[in-house]
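Notes follow the structure.
In the working numbering, the protein residues as written are 8 to 186.
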């Protein structure tokens, strides 16, 4: 076999290999999908209300600490060293209590995180099942999420399966909700 023929055979095998391994790809916009789910909107409102309520409590406690500190500043000259130290300790301890409360509500394992998990997990599971069903029906190999870290320089709208997921969830798409 000549070198030209070997190169031609390798080129043909390479093209055949890339054709046979072609992947079917689509994407969804999970933000757009979630905006269509009434339970998501309700859960988000509930989480926002809880967050605002806890933040108001944190703000109130910090205001109390500020008042304690201002009172201490104005009375500091009249206090003996022992009383001064006790007042300082009260302020520091109160601040520690507020920070612990804040961490317990808003931290990585805080109540807000746990509430979000409890409320959102069933919704996310429904969406994932709908996406998996569409992937199986249309024999798709990959479905990417438009909102994730994947960077789309261009996305063919024909590959967007978001409305199909919404329909699969038993809801009606509304393009006015898209970004």
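Quick reminder that beta carbons are idealized off the backbone N, C-alpha and C, glycines included.
If you draw a straight line from the alpha carbon of residue 160 to that of residue 143, how long is it in whole angstroms? Against the chain shown, residue 160 aligns to sequence position 153. Against the chain shown, residue 143 aligns to sequence position 136. Confidence in residue 160 is poor, its pLDDT being 49 and thus under 50, which makes the residue's placement unreliable; the coordinate value appears in the next sentence. Their Cα atoms are separated by approximately 27 Å.
Ordered along the chain, which non-local residues of its own chain (more than five positions away) have a Cβ less than 7 Å from that of residue 46? By 1-based counting over the chain shown, the position of residue 46 is 39. Answer for residue 46: 130, listed in chain order.
Taking the alpha carbon of residue 134 as the point to measure from, which residue in 48, 71, 72 and 173 has its own alpha carbon closest? In the chain shown, the residue the question calls residue 134 occupies position 127. Ranking the options by Cα distance to residue 134, first place goes to 173.
Cα separation between residue 126 and residue 94? As a position in the chain shown, residue 126 is number 119, starting the count at 1. As a position in the chain shown, residue 94 is number 87, starting the count at 1. In this structure, the alpha-carbon of residue 126 lies about 43 Å from that of residue 94.
Expected contact under 8 Å - CB spacing of residue 105 and residue 65 to nearest Å: The residue labelled residue 105 in the question sits at position 98 within the chain shown. The residue labelled residue 65 in the question sits at position 58 within the chain shown. Contact flag correct, Cβ pair sits at about 6 Å.
Tell me whether the beta-carbon of residue 102 lies closer than 7 Å to the beta-carbon of residue 72. Here residue 102 is taken as the residue at index 95 of the chain shown, counted from 1. Here residue 72 is taken as the residue at index 65 of the chain shown, counted from 1. Contact check for residue 102 against residue 72 passes: the beta carbons are separated by less than 7 Å.
Can you give the beta carbon distance from residue 34 to residue 152, rounded, assuming they're within the 8 Å contact cut? For the purposes of this step, residue 34 is identified with residue 27 of the chain shown, where counting begins at 1. For the purposes of this step, residue 152 is identified with residue 145 of the chain shown, where counting begins at 1. Correct: roughly 7 Å between the Cβ atoms.
Give me the Cα-Cα distance between residue 176 and residue 62, rounded to the nearest whole angstrom. Within the chain shown, numbered from 1, the residue matching residue 176 stands at position 169. Within the chain shown, numbered from 1, the residue matching residue 62 stands at position 55. Rounded to the nearest whole angstrom, the CA to CA distance from residue 176 to residue 62 is 35 Å.
For residue 189: DSSP bridge partner residues: In this structure the chain extends from 8 to 186, so residue 189 is not present and cannot be described.
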